[in-house]
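S.K.:
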Amino acid sequence: MKRWQIAARILMLAVICGLAGCGEKHKAEAKDYYALVQKQEKFGYIDGTGKKVIDFLYEDAGNFSENGLAYVLKDGKYGYISTDGEMVIAPQFDRSYGFSHGYAVIEEQGKFGAIDTQGNVVIEPKYEGIFTFGENGLAVYQKGDKYGYLSKEGEEVIPARYTMAKAFTKEGLAVVMEGEYFGMIREDGSEAVPVEYQYLDDLGENGLALAQKDNKWGYIDKDGRTIIDFIYDGASSFSENGLAAVFTGGKYGYIDKNGKKVIPFEYTNAGKFADAGDGNFLAAVCLEDRYGYINEKGEKVVPIRYGYVSDFSKNGLAAVSSDMGWGYVNQKGEEIGSFTYQYASTFGESGLAIVEAEGAYGCMNSEGEIVVEPEYENIGTFVKVK
Numbered sequence: 000m001k002r003w004q005i006a007a008r009i010l011m012l013a014v015i016c017g018l019a020g021c022g023e024k025h026k027a028e029a030k031d032y033y034a035l036v037q038k039q040e041k042f043g044y045i046d047g048t049g050k051k052v053i054d055f056l057y058e059d060a061g062n063f064s065e066n067g068l069a070y071v072l073k074d075g076k077y078g079y080i081s082t083d084g085e086m087v088i089a090p091q092f093d094r095s096y097g098f099s100h101g102y103a104v105i106e107e108q109g110k111f112g113a114i115d116t117q118g119n120v121v122i123e124p125k126y127e128g129i130f131t132f133g134e135n136g137l138a139v140y141q142k143g144d145k146y147g148y149l150s151k152e153g154e155e156v157i158p159a160r161y162t163m164a165k166a167f168t169k170e171g172l173a174v175v176m177e178g179e180y181f182g183m184i185r186e187d188g189s190e191a192v193p194v195e196y197q198y199l200d201d202l203g204e205n206g207l208a209l210a211q212k213d214n215k216w217g218y219i220d221k222d223g224r225t226i227i228d229f230i231y232d233g234a235s236s237f238s239e240n241g242l243a244a245v246f247t248g249g250k251y252g253y254i255d256k257n258g259k260k261v262i263p264f265e266y267t268n269a270g271k272f273a274d275a276g277d278g279n280f281l282a283a284v285c286l287e288d289r290y291g292y293i294n295e296k297g298e299k300v301v302p303i304r305y306g307y308v309s310d311f312s313k314n315g316l317a318a319v320s321s322d323m324g325w326g327y328v329n330q331k332g333e334e335i336g337s338f339t340y341q342y343a344s345t346f347g348e349s350g351l352a353i354v355e356a357e358g359a360y361g362c363m364n365s366e367g368e369i370v371v372e373p374e375y376e377n378i379g380t381f382v383k384v385k
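Following numbering that gives the first Met the number 0, the numbering of the sequence shown begins with 0 at its first residue and continues without gaps.
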């Protein structure tokens, strides 16, 4: 199974956040974005205009990281190439992964270590797992069947004692699991939130974390104080606009950060609000087995008649499926172009969306123009490289 981010099929209420701006900007900058593509079982790269920029030479490959390097598999070993296709770290690893904050995880004989951007091994491959390095320079590592935290120098700063561990967030907190319960720790390993929850999410932008306790859902703050009581049968984390979908009495509705009901409980499913552009937030909702969209006032702005839907992108378009196929709707519920695709993604930072036609993948812009002909077996995420 390939480990690069291919165009994943949108599932019900998929949360795929996209970014987009004006069409002219996209045309001017399209060449600055590269995507991994697959053709005839080989991997290469194209830019946002559809031009091939790196030949189809590789047995496996990954997206370019923020440092302009991508892992590739050549003659049975993994190395790294630059954006001009030059092999800058020779193929030598059994497996390798993308760079994050200047370091990449590598695998040798089933054990994991890490390298720097020059290819120097900074952590010897001796762990059952090492995961992406965070902004604070710590990575989750696995030793036996337990997890802890490792510095970029290889120091085990927090011993492997947890049954699960997530990366540290910008607040300096990490969700961990001991036995069957979740809590939070600080960067020095001290407990910030007691390990007593059946589920615990990271803190949201409003400082609240979704949690489950005694089979009910509520929200706590960074100190473990209950801010919204554990009274719901289901819930989501808060969206950027400060609303969260919650489930009670067999229906979904929305509450604000104070726990006040702001949108009635009347839906059989409900997604998170997404920025549809110009600060306008819309959420996908379901009645029976059909989906549409509502605004922050609870008004239905896109008819509830679609089989599957995505979040809105910031260009004001969302991918939806009808009986005819996949296509796009705008914030007014107007269908854009023809619904002839087997699959359609949200729009990414490059201003492009991935579409599937007759089993092959290509890309279109927000004007509905095909800019990359559907000819590839897979297309990855477009990443800004210049």
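Each residue gets a CB set at the ideal place from its N, CA and C atoms; glycine is no exception.
State the beta-bridge partners of I184 as determined by DSSP.
M.R.: A173 and E190
S.K.: Assign A69 to one of three DSSP states: helix, strand, or coil.
M.R.: strand
S.K.: For Y44 and Y102, I'd like the C-alpha separation in whole angstroms.
M.R.: In a straight line, the C-alpha of Y44 is about 22 Å away from that of Y102.
S.K.: Measuring CB to CB, does S236 end up less than 9 Å from K271?
M.R.: In this structure, K271 lies closer than 9 Å to S236 by Cβ.
S.K.: In terms of DSSP beta bridges, what is F272 paired with?
M.R.: A282
S.K.: What residue range is occupied by the uninterrupted beta strand (DSSP E) comprising E463?
M.R.: No answer is possible for residue 463: it lies beyond the span of the chain, which begins at 0 and ends at 385.
S.K.: Suppose contacts are defined by Cβ-Cβ distances below 9 Å. Is S95 in contact with V87 by that definition?
M.R.: no
S.K.: Going by DSSP, what residues sit across from F92 in a beta bridge?
M.R.: Y77
S.K.: Have a look at K38 and T380 and give me their C-alpha separation to the nearest angstrom.
M.R.: 16 Å
S.K.: Applying the criterion that 16 or more other CB atoms from any shown protein chain within 10 Å of the CB defines a buried residue, is E134 buried or exposed?
M.R.: exposed
S.K.: Indicate whether the contact test is met: 3 or more Cβ pairs, each with one atom in the stretch 189-202 and one in the stretch 138-155, closer than 8 Å.
M.R.: Contact between the stretch 189-202 and the stretch 138-155 is absent, because fewer than three Cβ pairs lie under 8 Å.
S.K.: Roughly how many angstroms lie between the CA atoms of K383 and S349, to the nearest whole one?
M.R.: 8 Å
S.K.: Using only the alpha-carbon positions, how far apart do N377 and V174 sit?
M.R.: Their Cα atoms are separated by approximately 34 Å.
S.K.: Please report the distance separating the alpha-carbon of G252 from that of T345.
M.R.: 25 Å
S.K.: Would A210 be called buried (16 or more neighbouring beta carbons within 10 Å of its own) or exposed?
M.R.: Classification for A210: buried.
S.K.: With A243 and I254 assumed to form a contact (beta carbons below 8 Å), what rounded beta-carbon distance in angstroms separates them?
M.R.: About 6 Å; that satisfies the 8 Å criterion.
S.K.: In whole angstroms, what is the alpha-carbon distance linking K76 and F92?
M.R.: 5 Å
S.K.: Measure the alpha-carbon distance for S81 versus G347 and round it to whole angstroms.
M.R.: 22 Å
S.K.: Using a Cβ-Cβ cut-off of 7 Å (strictly less than) and excluding sequence neighbours within five positions of Y198, which residues of its own chain qualify?
M.R.: F181, A210 and Q211
S.K.: According to the Cβ coordinates, are G276 and K313 closer than 9 Å?
M.R.: Closer than 9 Å, so yes.
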